[in-house]
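K.L.:
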Amino acid sequence: MRFFFTLMVIVMTTAGCGNNEPVAKPAKPEASAPAGNEVRILLANHSEEDWNQWRGPLRNGISGEGNILTEWGPQGPPVLWRQNLGAGFSGISVVDNSVYTMYGNAGNDYLVALDAGSGAKRWELKIGEKYRDRMGGDGPRSTPTVIDGRVYVVSAQGKLFAVDAANGKVLWQRDFVAEYGAQIPRWGFSTSVLVYQGKVYAEVGGSGKGFAAFDAQTGEVRWMTQNDQPAYSSPILAVIDEIPQIIFFATSGLVALNPDNGERYWAAPWHTSYDVNAATPIFIAPNQIFISSEYDVGAALYRVNRSTSGKFEAEQIWKNRQMKNKMATSVFLDGYLYGFDGSILKCIDAQTGEMKWRERGFGEGTLMLAGERLVVLSDDGELSIAGASPNGFTPLATAGVLSGRCWTVPTLLNGRLYLRDMNQMVCLDLRVENKS
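Heads up, the sequence shown is in our numbering, so the first residue is -13 and it goes up one at a time.
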């Protein structure tokens, strides 16, 4: 999902956390593999043949499809279809030839399933009244998570739905506000839930209910914990020292929990005005976490160590203001982070925070990785594809493909690139074999 905020001033303070127990020196991080083989095993029910959730099957914004079309004429890449939708910044999930997203139109917000080949609507489900935000924009924010024939979504008003992916029938639902006393964040609930080992993990909000795990089949609460309020980020799964951890970037900062019972493993404070911790944490195997937020706040890299007693602690390696992710989460490849510092596209060294290059002209855009290529969409709908290199940004191809506000991360699957703005979705054919 994409997150968005404008005309705000954000102040941040950050500090390390943990104890003074001796720790073993950690191994050097892998050059790439931001999720690592352990996470691939743990997410075995998330097929990499699909793009089934926020930022893809491993939640890292990376597609393995590096061989995509980068040569086209002035008309741009081939358009397979366009579908009018409506307001919203919900991301695009693609599973079993169906496309899932959310939008607002005619007074209501909807979850919709489209045919991946034609864009035709298969079904749609009303999930509530249209969420309205005169500052950032109307419509849903969360991205559907599609697993085992079910679609899990959170409305901007805080309703969690489990829906049959085939027909849109509601299987169960929960209301964070009515049932648990949560407060709707200033810019609406934006988190995209994580499903792992039969549980749905979400930020809820409130005393003792900051984070929750729901049974994926029944919606029953498995556990709730912590006194935290929901920010606008989405959780990730990381395996650190062979221990699976659900990591949230909440209003208080980073919080890592035991997936089984909600026990807190470690935390790292990161406070932002208006509670705008929006970008998703990036796991750099084997034990590092990158976070970032905007408006003179900046970014930091943490190393999560485990003491001889088995206790985890987060050590801040560096912090600076070179990369301030306002809405779009960065991507990591071969030791470097690529992302938006406000409205400037940048590359920084992940281990030092040193800037390698910067490029203007995209506004508050978004991006993903296709193999070793950056796929960048500007906030006014211009698509650019370039090699991901610390030596500079050199576009291989550019084209204007949309005209509305574009704050939704691209989705690439089977050579088809799915993009959307506040009015429509477009599917582009980037399959090399179809090049004339």
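Idealized CB from N, CA, C, for every residue including glycine.
What does DSSP give as the partner residue(s) for Trp37 in the beta ladder?
P.N.:
Within the sequence shown, numbered from 1, the residue matching residue 37 stands at position 51. Paired residues: Val80.
K.L.:
Determine the direct distance from the alpha carbon of Pro381 to that of Leu243, and round the result to whole angstroms.
P.N.:
As a position in the sequence shown, residue 243 is number 257, starting the count at 1. As a position in the sequence shown, residue 381 is number 395, starting the count at 1. Distance between the alpha carbons of Leu243 and Pro381: 41 Å.
K.L.:
Identify every residue that forms a DSSP beta bridge with Ile113.
P.N.:
In the sequence shown, residue 113 corresponds to position 127, counting from 1. Its beta-bridge partners do not exist; DSSP assigns none.
K.L.:
Take the Cβ of Asn6 as the centre, count every other Cβ of all protein chains shown within 10 Å, and call the residue buried at 16 or more, exposed below.
P.N.:
Against the sequence shown, residue 6 aligns to sequence position 20. With a pLDDT of only 34 at Asn6, under the threshold of 50, the placement of this residue in the model should not be trusted; the figure read from the coordinates follows. Per the 10 Å Cβ criterion, exposed.
K.L.:
Out of Ser79, Ile233, Leu146, Leu223, which one is the CA nearest neighbour of Thr204?
P.N.:
For the purposes of this step, residue 204 is taken as residue 218 along the sequence shown, with counting starting at 1. Closest by alpha carbon: Leu146.
K.L.:
Suppose you measure from the CA of Gly423 to the CA of Ser238; what does that come to, to the nearest Å?
P.N.:
Residue 423 is absent from the structure shown; the chain starts at -13 and stops at 422.
K.L.:
Straight-line CA distance for Ile233 to Arg127?
P.N.:
Translated into positions along the sequence shown, residue 233 becomes position 247. Translated into positions along the sequence shown, residue 127 becomes position 141. About 20 Å.
K.L.:
Under 8 Å, with one C-beta from each stretch per pair, do the segment 384 to 399 and the segment 349 to 369 reach the 3-pair mark?
P.N.:
yes
K.L.:
My parser needs the alpha helix (DSSP H) runs of 4 or more residues fully inside the segment 153 to 203; what are they?
P.N.:
162 to 166
K.L.:
Once you ignore the five residues that flank Asp415 on each side, which residues in its own chain have a CB closer than 6 Å to its CB?
P.N.:
As a working note, residue 415 is residue 429 in the sequence shown. Counting only Cβ-Cβ distances below 6 Å, and skipping sequence neighbours, we find Pro64, Leu66.
K.L.:
Going by the beta-carbon positions, is the gap between Arg250 and Val262 smaller than 8 Å?
P.N.:
Reading the sequence shown from its first residue, position 264 is the one you call residue 250. Reading the sequence shown from its first residue, position 276 is the one you call residue 262. Here Arg250 is not near Val262, since their CB atoms are 8 Å or more apart.
K.L.:
Could you spell out the range, first to last residue, of the beta strand (DSSP E) harbouring Gln69?
P.N.:
Here residue 69 refers to the residue found at position 83 of the sequence shown. Here the beta strand (DSSP E) through Gln69 covers 65 to 70.
K.L.:
In whole angstroms, give me the CA-to-CA distance for Tyr218 and Ala264.
P.N.:
For the purposes of this step, residue 218 is identified with residue 232 of the sequence shown, where counting begins at 1. For the purposes of this step, residue 264 is identified with residue 278 of the sequence shown, where counting begins at 1. In this structure, the alpha-carbon of Tyr218 lies about 4 Å from that of Ala264.
K.L.:
Is the segment 111 to 125 touching the segment 69 to 87 in the sense that three or more CB pairs, one from each, lie closer than 8 Å?
P.N.:
With the cut-off at 8 Å, the segment 69 to 87 and the segment 111 to 125 touch.
K.L.:
Would you check if the distance between the CB atom of Arg41 and the CB atom of Gly50 is smaller than 8 Å?
P.N.:
Position 55 of the sequence shown holds residue 41. Position 64 of the sequence shown holds residue 50. In this structure, the beta-carbon distance from Arg41 to Gly50 does not fall below 8 Å.
K.L.:
Along the chain, where does the beta strand (DSSP E) containing Arg406 start, and where does it finish?
P.N.:
In the sequence shown, residue 406 corresponds to position 420, counting from 1. 402 to 406 is the extent of the beta strand (DSSP E) around Arg406.
K.L.:
Quick one, are the C-beta atoms of Arg68 and Val412 less than 8 Å apart?
P.N.:
Indexing the sequence shown from 1 puts residue 68 at position 82. Indexing the sequence shown from 1 puts residue 412 at position 426. A contact, by the Cβ cut-off of 8 Å.
K.L.:
Do Gln39 and Thr131 have their C-beta atoms closer together than 8 Å?
P.N.:
Working through the sequence shown from its first residue, we reach residue 39 at position 53. Working through the sequence shown from its first residue, we reach residue 131 at position 145. Cβ distance < 8 Å, so Gln39 and Thr131 count as in contact.
K.L.:
Thr177: buried (16+ other C-beta within 10 angstroms of its C-beta) or exposed?
P.N.:
The residue you call residue 177 lines up with position 191 of the sequence shown. The residue in question, Thr177, is buried, as its Cβ has 16 or more Cβ neighbours within 10 Å.
K.L.:
Is Tyr281 helix, strand or coil when you go by DSSP?
P.N.:
The residue given as residue 281 occupies position 295 in the sequence shown. Correct three-state label for Tyr281: coil.
K.L.:
Please report the residue range of the beta strand (DSSP E) in which Tyr324 lies.
P.N.:
Here residue 324 refers to the residue found at position 338 when the sequence shown is read from its first residue. Note, Tyr324: beta strand (DSSP E), 322 to 327.
K.L.:
So what's Glu228 in DSSP terms, helix, strand or just coil?
P.N.:
Translated into positions along the sequence shown, residue 228 becomes position 242. Reduced to three states, the DSSP call for Glu228 is coil.
K.L.:
Of all the options Ser375, Phe197, Pro376, Ile371, which has the alpha carbon lying nearest to the alpha carbon of Glu57?
P.N.:
As a first step, residue 57 is located in the sequence shown; it is residue number 71 there, counting from the start. Checking every option, the nearest Cα to that of Glu57 belongs to Ile371.
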